[in-house]
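Participant: Once you've had a glance at the structure underneath, I'll fire off some questions.
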Amino acid sequence: MTSTPRGEITRVAGPLVEIVHAGDVAMSDVVLLGTDELPSEIVAIRDGSVTVQAYEYTGGLAPGDAAVPCGHPLSANLGPGLLGGVFDGLLRPLSDAPTWLAAGTAGRPAKGTARLWPFEPSVSAGERVKSGAVLGVVTGTGPLAHRLLAPPGVGGVVDEIVAAGRYRADDHVATVAGVPVAMTTSWPVRRPRPASARIETAEPLHTGQRVLDLLFPIARGSTAAVPGGFGTGKTVLLQQIAKWCDADVIVYVGCGERGNELAEIVGELFELTDPHTGGRLADRTVVIANTSNMPMMAREASIYTGVTVAEYYRDMGYHCVVMADSTSRWAEALREFSSRSGELPAEEGYPAGLASALAAFYERAGVVTTLGGGTGSVTIIGAVSPPGGDLTEPVTAHTERFVRCRWTLDRDLAYARHYPAVSWSASFSRDAEALTAHFRHGDADGADPDWPVRRGRMVGLLAAADRLAALAELVGVTALPSHERMTVLGGRLLREAVLQQSALSTSDAFCSPEKGAALIDAVLDVVDGCERATAAGTPPGEIERLDFGPLIRAREQAGPHDVDGVRTHRDDMLALLATLEGERR
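Right, dumping it as structure tokens:
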């Protein structure tokens, strides 16, 4: 029997540790340091000396202490109990952990877990199953059924499967082709989980936020970046998407944020009511909390851990959304690591491989046919916090190359109390064209043939209003022709009646696609009425002095699905315009 090789620590320099006599090791393998078995990762191998970067505080380590290679890269323990939990960057539980986490748990399946999980088998001994097939269902895990799958690469005859009952997470509940299968498995976080095929058809992910769904839509399995300076509302927007989007599982990765802010976010998530199930939103959410005072390497690993969890639920046939807040803090961890390891710096001190690392992260999004034959998706939304709001800095610039949508948050809009502060001039959606086919030819529930025309008119009116508003600041709005004054008015009505949305309003926090379309139609119909009135001789000043409050308040006074209420407000405004036009005659 071969004994596990034991290396020896020769130098400790903060989180950077050098060891010798480690045996046969590979880059990125996990090494346990000292008597407390602190996890670390191999970052360099040269001349018989191995350099590792610790995931934990290394106080107490000293030369001569043992270093035990694990023989595998950093892996996450995937099993029941993830939903509703709060974990660190290595997917170790924080919500019920003591002051210090259990030593040496990184990348190891949990042993001796006290909790018993109810398990219902879905197959019988002697059946032939393929990789990814459902072997059984673990109940008691929240609103979603936890499906136990045959692991990737494991398929064949079911040699044995346990009877229905309660088992620990590390218990073997089945044997497939001679391979024992437990409820908890382990997967390397930096390696994408396999799927049968990627699906290219586009289907929208409804966020419930009008400015996104109507102007800059995102497809399931797509990617988006949310760049914005401090105080522009990135976290609030991500929270709104997490609460209202039509995804099955939310994975929220707090990467490098301040501890008090992340604690507040976690507290709010656990207090929110899930509008889809009526229970807690946290019951279908996985929170990975890695604050700025936690070790740098754990912060670097946290986003990979998050997307691995999402892929795990994707393979069960669920639609998942990963929210990384923020990738800028993750990139700063890369910069810190590269400087410690002596790597030559590139732009602004970031490593030359920053673009490749960002691409590898965002490329793990997608809609796939799972190994078991189902359909699941991972959508990735990453917040970007550029220093000083500089959108030309490397992280923002490189991220823009790899995402399908960019929802830029504007500081001026935020300071003007316009929320969400998504800039309609600095944002884009590459998914919009692909989604046009879905809206034109989708199923009965998703079909909206007028969507591209409506969106085109909206984009054109906003652009024209912005151009004319800049001109009006120089010469005064009264110097503009009547039709241009109506364009400026139309842009203001779109901003205030459609694009603004209150996260604190029970009627306006969420907006259905039908209500959003009705709001746009209402504003465009009123703008057309204003132009008809000016063409008939009504002075534009009289129209500008009208009270458009009823139209603007329609978004809050009508319920989330109340299309008729919006149309009533529109008809009232059109009647007022008709009265004004009749008085002129």
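My numbering runs 337 ahead of the 1-based position in the sequence shown.
C-beta atoms are modelled at their ideal positions from N, C-alpha and C, and glycine is treated no differently.
Whole angstroms are fine: how far does the CA of Ile640 sit from the CA of Gly469?
Facilitator: For Gly469 and Ile640, the distance between alpha carbons rounds to 24 Å.
Participant: Count the other C-beta atoms from every protein chain shown that fall within 10 angstroms of the C-beta of Pro564, then say buried if there are 16 or more, exposed otherwise.
Facilitator: buried
Participant: Could you tell me the alpha carbon to alpha carbon distance between Arg305 and Ala855, rounded to whole angstroms?
Facilitator: For the chain, the structure presents residues 338 to 922; residue 305 sits outside this window and is missing.
Participant: What three-state label does DSSP hand Tyr655 in the structure shown?
Facilitator: Tyr655 falls in the coil class under three-state DSSP.
Participant: Taking the beta carbon of Ala670 as the centre, do at least 16 other beta carbons fall within 10 Å, making it buried, or is it exposed?
Facilitator: Buried, by the Cβ-count rule.
Participant: In the DSSP assignment, the beta strand (DSSP E) including Gly502 goes from what residue to what residue?
Facilitator: Gly502 to Arg505
Participant: Helix or strand or just coil, what does DSSP make of Pro887?
Facilitator: Three-state DSSP puts Pro887 in a helix.
Participant: Just curious, the beta strand (DSSP E) that Gly389 is in, first and last residue?
Facilitator: For the sequence presented, residue 389 should be read as Val rather than Gly. Start and end: Ser386 to Ala391.
Participant: By the DSSP assignment, the alpha helix (DSSP H) with Glu770 in it spans what residues?
Facilitator: Asp768 to His778
Participant: Can His656 and Asp768 be called in contact, C-beta distance under 8 Å?
Facilitator: Not a contact, by the Cβ cut-off of 8 Å.
Participant: In chain order, what are the residue ranges of uninterrupted beta strand (DSSP E) at least 3 long that sit wholly in the segment 342-427?
Facilitator: Counting only runs of 3 or more, we get 344-350, 353-357, 366-370, 375-383, 386-391, 403-410 and 412-415.
Participant: Check this for me: beta carbons of Pro525 and Pro410, under 8 Å apart or not?
Facilitator: Yes, they are a contact pair.
Participant: Can you give the Cα-Cα distance for Pro682 and Ser663, rounded to whole angstroms?
Facilitator: 22 Å
Participant: Just checking, does the segment 807-823 make contact with the segment 866-878 on the three C-beta pairs under 8 Å criterion?
Facilitator: yes
Participant: When we look at the beta-carbon of Asn414 and count the other beta-carbons within 10 Å, is it buried (16 or more) or exposed?
Facilitator: buried
Participant: Measure the C-alpha to C-alpha separation of Arg505 and Met520 and round it to an integer number of angstroms.
Facilitator: 8 Å
Participant: Return the first residue and the last residue of the beta strand (DSSP E) that Glu497 is part of.
Facilitator: Gly493 to Ile498
Participant: Inspect the CB distances between the segment 680-695 and the segment 709-718 and report whether three or more fall short of 8 Å.
Facilitator: Contact fails: fewer than three Cβ-Cβ distances are below 8 Å.
Participant: So within the segment 841-894, which uninterrupted alpha helix (DSSP H) runs reach at least 4 residues, ignoring any that extend past its ends?
Facilitator: 850-872, 877-881, 886-889 and 891-894
Participant: When we look at the beta-carbon of Ala485 and count the other beta-carbons within 10 Å, is it buried (16 or more) or exposed?
Facilitator: The sequence given here places Leu at residue 485; Ala does not occur at that position. It counts as buried.
Participant: Suppose you measure from the CA of Tyr589 to the CA of Leu914; what does that come to, to the nearest Å?
Facilitator: 48 Å
Participant: Can you say whether Met634 is buried or exposed, counting buried as having 16 or more other CB atoms within 10 angstroms of its CB?
Facilitator: By the 10 Å Cβ count, Met634 comes out buried.
Participant: Near Arg465, what residues of its chain come up, given a Cβ to Cβ distance below 6 Å and the 5 sequence neighbours on each side ignored?
Facilitator: Val494
Participant: Between which residues of its own chain and Val510 is the CB-CB distance below 8 Å, once the five residues before and five after are set aside?
Facilitator: Phe456, Pro458, Leu472, Gly473, Leu485, Ile498, Val499, Tyr504, Val518, Ala519 and Met520
Participant: Looking at Phe739 and Ala687, is the spacing between their C-beta atoms short of 8 Å?
Facilitator: In the sequence as displayed, the identity of residue 687 is Tyr instead of Ala. Taking 8 Å as the Cβ cut-off, Tyr687 and Phe739 do not qualify as a contacting pair.
Participant: Identify, in the order they occur along the chain, each residue of the same chain with its Cβ nearer than 6 Å to the Cβ of Ala846, setting aside the five sequence neighbours on each side.
Facilitator: Within the same chain, Cβ atoms closer than 6 Å to the Cβ of Ala846 are found at Ala840, the five residues on either side in sequence being excluded.
Participant: Is Ser377 closer than 8 Å to Glu355 when the C-beta atoms are compared?
Facilitator: no
Participant: How should Arg535 be labelled, buried or exposed, when 16 other C-beta atoms within 10 angstroms of its C-beta is the threshold for buried?
Facilitator: exposed
Participant: Between the alpha carbons of Thr436 and Phe765, how many angstroms are there, rounded?
Facilitator: At Thr436 the pLDDT is 40, less than 50, meaning the model places this residue with poor confidence; the figure from the coordinates comes in the next sentence. In this structure, the CA atom of Thr436 is about 45 Å from the CA atom of Phe765.
Participant: Looking at the structure shown, is Tyr641 part of a helix, part of a strand, or coil, going by DSSP?
Facilitator: helix
Participant: Using 8 Å as the threshold, is the segment 541-549 in touch with the segment 722-738, meaning 3 or more CB pairs across them?
Facilitator: no
Participant: Rounded to the nearest angstrom, how far is the Cβ of Arg343 from that of Ala403, given a contact under 8 Å?
Facilitator: 5 Å
Participant: Under a three-way DSSP split, which group does Pro687 fall into?
Facilitator: Position check: residue 687 holds Tyr in this sequence, whereas Pro was assumed. Coil at Tyr687, not helix or strand.
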